[in-house]
Structure formats: structure tokens, C-alpha cells
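Trainee: Take this structure, written in C-alpha cells, and hold onto it; I'll ask about it next.
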């Protein structure tokens, strides 16, 4: 029996040695411990994997502007990346996906192997989730009436969601470009006066080995849900998919290059609500686990 247990433990150790470390980043109005279910699934199916839930900006602190958050997320995660000699995986839920993409773009010679964006508003958000407006009542009402407020200097400097608020109407495009402190920079939009180090950002993004995009129509928070797959509204609120976006067609930050390289995986999954993605067994087994290699 002792020999059997020893062999099992050695087998599990060997498996764990083969698996790359995983960093998990939470989203808005969440915290690291809320994604404990994802951590446990990884540890169950990939024994010995080093899985880190990053404890930073929990709950209402997640409203901190993203450009400020990114600095501290980077300080927390970079040491984990340096320790991962053979590379590391990111699983980033909701707003966390924007943090992770920013970290990847700003880190030269990073070793992020796979970036899994789990229902993240990667192409922006145009709508306030109910759980957010319950904390901030003045955000209730029609989204069309909020854009002037969202693009104000005060809001951009105090409220994270405004940093990726994206009104598709033409009359707000200039405001988005001029005032948004995060998303146009993340997208490497050449029209943004805030765009910086564009060639470096693109080069860093293309260091990724695999980009896994996961979302679905029953999410209920990401608006439109296709933003999790880099789709978005046109001016008439009709959905255009990733390949119809300028950021893809003109390859602003390397998304098209990565796709044509065969390294973008896109999954649209029915029946999963926003807070369920990281604990859903089917989502994990079918759409996440295969890429944690």
C-alpha cells in the first residue's frame, strides 16, 4: 500500500511538473476568492498545478480606474511570470480580461503562453449591469443618456467601467477617442491621441501563443455579449463580428495576425450567466482545460 501511495504521489507530481502555472484574475464587483471554484477544478483535473488567485481590488475597489489598477496588478503578477520558466497561463474573468490584455501589451518578452478571456468586454461595454447600478443609483436609466457623463474627465478618473464604455453612435466617437483612458490605448487605436508605444504593444501581444475567447448570449452582463469575442454594435446597434471590426481589419494590436496564425480560439456557449462562467464544469472541461497545457 505504501509503495502504491508513493507511486501515485510521484505520478501526480510528474503531471504537475508538466503543467504550466495558472494565474486567475477576477472581474468587477468580485474578488479572488469568488474564483476558488475555478482553482479547485484546475487542481482536480491537473494535479500539482501551481494556481494563483490574485488578491487585489476586491468588490467595490474594482471600480478603481483601470489605468491605475494595471500598475498594481503588474506588480503582483510579474514576479509569478518570472518564476514560470516554461511559461504561464492567464484566466481572466469579466473586467479582468481587460487588465490581462493590458498587462500582456505592456510587458516586453513576457512568457504568457495562453490568455483565456472568460466573458470579458474586450471590445467595450455599452450598458450598465443591474448589480452595478444597484450600488450607484445614478447609473440607472437609458444607456444613451450616460455617455456624456461616462466620457467626462471626472468619471474617467474615478470609475473603471467608464474606461471601457463604448458608445457606438457617431456623435460620441470623438469623445471616446479623446477622453477614454483605457480602451482606445488597449486597442492600439491609431486615432487616439493617448496611444503610445504602438509598435511595442503589438509586438508584445503577438508574443502570445494562444488567445482563447469565451462568451455567450445568456451572459446578461457584457453588453453586447459579442464584445467577449471582439464583436460590437455598429451605429445602428446591429452586431458586427470580430472580422468586421477595424481593430481586426487593420490589425491594430495584432489580433488579425494572431488569428491568421491559427492561434485564436473562439467559443460561444449557451445557457451560462455571467457569474457562472468560472464555476461551470462543462465550460471548464470543454473550453478551458484543453488549453492548460
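Numbering (mature numbering (1 follows the signal peptide of the UniProt record, and there is no 0)), first residue to last: -18 to -1, 1 to 275.
All residues carry an ideal CB built from backbone N, CA and C; glycine is no exception.
Since the model is a prediction, treat every value here as computed from it, not as a measurement.
For residue 56 and residue 85, what's the separation of their Cα atoms in angstroms?
Mentor: Counting from one through the chain shown, the residue named residue 56 turns up at place 74. Counting from one through the chain shown, the residue named residue 85 turns up at place 103. C-alpha separation (whole angstroms): 6 angstroms.
Trainee: Please report the Cβ distance between residue 164 and residue 48, rounded to the nearest whole angstrom; I am assuming they are in contact, meaning their Cβ atoms lie under 8 angstroms.
Mentor: As a first step, residue 164 is located in the chain shown; it is residue number 182 there, counting from the start. As a first step, residue 48 is located in the chain shown; it is residue number 66 there, counting from the start. Indeed they touch by this definition, with Cβ atoms about 5 angstroms apart.
Trainee: Determine the burial state of residue 167: buried for a count of at least 16 other Cβ atoms within 10 Å of its Cβ, exposed for fewer.
Mentor: Position 185 of the chain shown, counted from the first residue, corresponds to residue 167. Burial call: buried.
Trainee: Looking only at its own chain, which residues have a Cβ that is under 8 angstroms from the Cβ of residue 188, when we skip the five neighbours before and after it?
Mentor: Reading the chain shown from its first residue, position 206 is the one you call residue 188. Hits under 8 angstroms: 236, 239 and 240.
Trainee: Output needed for residue 195: all residues of its chain with C-beta closer than 6 angstroms, excluding positions within five of it in sequence on either side, in chain order.
Mentor: Working through the chain shown from its first residue, we reach residue 195 at position 213. Correct list, in chain order: 99, 211 and 248.
Trainee: Would you mind working out which of 92, 77 and 54 sits nearest residue 71, comparing C-alpha positions?
Mentor: Your numbering for residue 71 matches position 89 in the chain shown. Residue 92 is the option with its Cα nearest to residue 71.
Trainee: Among 141, 38 and 262, which one has its Cα closest to the Cα of residue 12?
Mentor: Here residue 12 refers to the residue found at position 30 of the chain shown. Comparing Cα positions, the closest option is 38.
Trainee: Roughly how far, in whole angstroms, is the beta-carbon of residue 260 from the beta-carbon of residue 41, given that I think they are within contact range, below 8 angstroms?
Mentor: For the purposes of this step, residue 260 is identified with residue 278 of the chain shown, where counting begins at 1. For the purposes of this step, residue 41 is identified with residue 59 of the chain shown, where counting begins at 1. About 16 angstroms separates the two Cβ atoms, so there is no contact after all.
Trainee: Does the beta-carbon of residue -17 have 16 or more other beta-carbons within 10 angstroms, so that it is buried, or is it exposed?
Mentor: If you number the chain shown from 1, residue -17 lands on position 2. Bear in mind that a pLDDT of 49 at residue -17, under 50, signals an unreliable position, so the model cannot answer this.
Trainee: Since residue 192 is in the beta strand (DSSP E), which residue starts that stretch and which ends it?
Mentor: Numbered from its first residue, the chain shown carries residue 192 at position 210. Residue 192 -> beta strand (DSSP E) spans 192 to 197.
Trainee: Here's the rule I'm using: 16 or more other beta-carbon atoms within 10 Å means buried, otherwise exposed. How should residue 219 be labelled?
Mentor: Against the chain shown, residue 219 aligns to sequence position 237. Residue 219 should be labelled exposed.
Trainee: Taking the alpha-carbon positions, what's the residue 214 to residue 54 distance?
Mentor: Numbered from its first residue, the chain shown carries residue 214 at position 232. Numbered from its first residue, the chain shown carries residue 54 at position 72. Between residue 214 and residue 54, the C-alpha separation is close to 29 angstroms.
Trainee: Residue 79 and residue 104 - do their beta-carbons sit closer together than 7 angstroms?
Mentor: On the chain shown, residue 104 is found 122 positions in, with the first residue counted as 1. On the chain shown, residue 79 is found 97 positions in, with the first residue counted as 1. Closer than 7 angstroms, so yes.
Trainee: If you follow the beta strand (DSSP E) that residue 248 is in, where does it begin and where does it stop?
Mentor: By one-based count along the chain shown, residue 248 stands at place 266. From DSSP, the beta strand (DSSP E) with residue 248 extends over 246 to 250.
Trainee: Looking only at its own chain, which residues have a Cβ that is under 6 angstroms from the Cβ of residue -12, when we skip the five neighbours before and after it?
Mentor: Sequence index remark: in the chain shown, residue -12 carries index 7 (1-based). Summary for residue -12: the model assigns pLDDT 42, below 50, so the residue's position carries little reliability, and this model does not support an answer.
Trainee: Let me check understanding here. Comparing Cα to Cα, which of 52, 193 and 147 lies closest to residue 246?
Mentor: On the chain shown, residue 246 is found 264 positions in, with the first residue counted as 1. Selected option, being the one with the closest Cα: 193.
Trainee: Name the two residues that bound the continuous alpha helix (DSSP H) containing residue 181.
Mentor: Sequence index remark: in the chain shown, residue 181 carries index 199 (1-based). Residue 181 -> alpha helix (DSSP H) spans 180 to 187.
Trainee: Starting from residue 95, follow the beta strand (DSSP E) in both directions and report where the run begins and ends.
Mentor: Numbered from its first residue, the chain shown carries residue 95 at position 113. Run containing residue 95: 94 to 100, per the beta strand (DSSP E) assignment.
Trainee: Within this structure, are the beta carbons of residue 111 and residue 36 separated by less than 7 angstroms?
Mentor: Position 129 of the chain shown holds residue 111. Position 54 of the chain shown holds residue 36. Not a contact, by the Cβ cut-off of 7 angstroms.
Trainee: Would you call the CB atoms of residue 217 and residue 152 closer than 7 angstroms?
Mentor: The residue labelled residue 217 in the question sits at position 235 within the chain shown. The residue labelled residue 152 in the question sits at position 170 within the chain shown. The Cβ-Cβ distance between residue 217 and residue 152 falls below 7 angstroms.
Trainee: According to DSSP, simplified to helix, strand and coil, what is residue 5?
Mentor: Counting from 1 along the chain shown, the entry for residue 5 is found at position 23. DSSP places residue 5 in strand when its eight states are reduced to three.
Trainee: Going along the chain, which residues of its own chain have a beta-carbon closer than 7 angstroms to the beta-carbon of residue 174, five neighbours each way excluded?
Mentor: Against the chain shown, residue 174 aligns to sequence position 192. The answer, listed in chain order, is 159, 166 and 167.
Trainee: Can you tell me whether residue 263 is buried or exposed? The criterion is at least 16 other CB atoms within 10 Å of its CB, across all chains shown.
Mentor: Residue 263 sits at position 281 when you count from the first residue of the chain shown. By the neighbour-count definition (other C-beta atoms within 10 Å, threshold 16), residue 263 is an exposed residue.
Trainee: Residue 172 to residue 234, Cα distance in whole Å?
Mentor: Against the chain shown, residue 172 aligns to sequence position 190. Against the chain shown, residue 234 aligns to sequence position 252. C-alpha separation (whole angstroms): 7 angstroms.
Trainee: How long is the line joining the alpha carbons of residue -6 and residue 44, rounded to whole angstroms?
Mentor: Within the chain shown, numbered from 1, the residue matching residue -6 stands at position 13. Within the chain shown, numbered from 1, the residue matching residue 44 stands at position 62. Legend: pLDDT at residue -6 = 46, less than 50; position of this residue unreliable, no value from coordinates given.
Trainee: Rounded to whole angstroms, how far is the Cβ of residue 31 from the Cβ of residue 3, which I believe are closer than 8 angstroms?
Mentor: Working through the chain shown from its first residue, we reach residue 31 at position 49. Working through the chain shown from its first residue, we reach residue 3 at position 21. The C-beta distance from residue 31 to residue 3 rounds to 7 angstroms, short enough to meet the 8 angstroms contact threshold.
Trainee: With the cut-off set at 7 angstroms, would you say residue 251 and residue 198 are in Cβ contact?
Mentor: Indexing the chain shown from 1 puts residue 251 at position 269. Indexing the chain shown from 1 puts residue 198 at position 216. Their beta carbons are under 7 angstroms apart, which means residue 251 touches residue 198 by this criterion.
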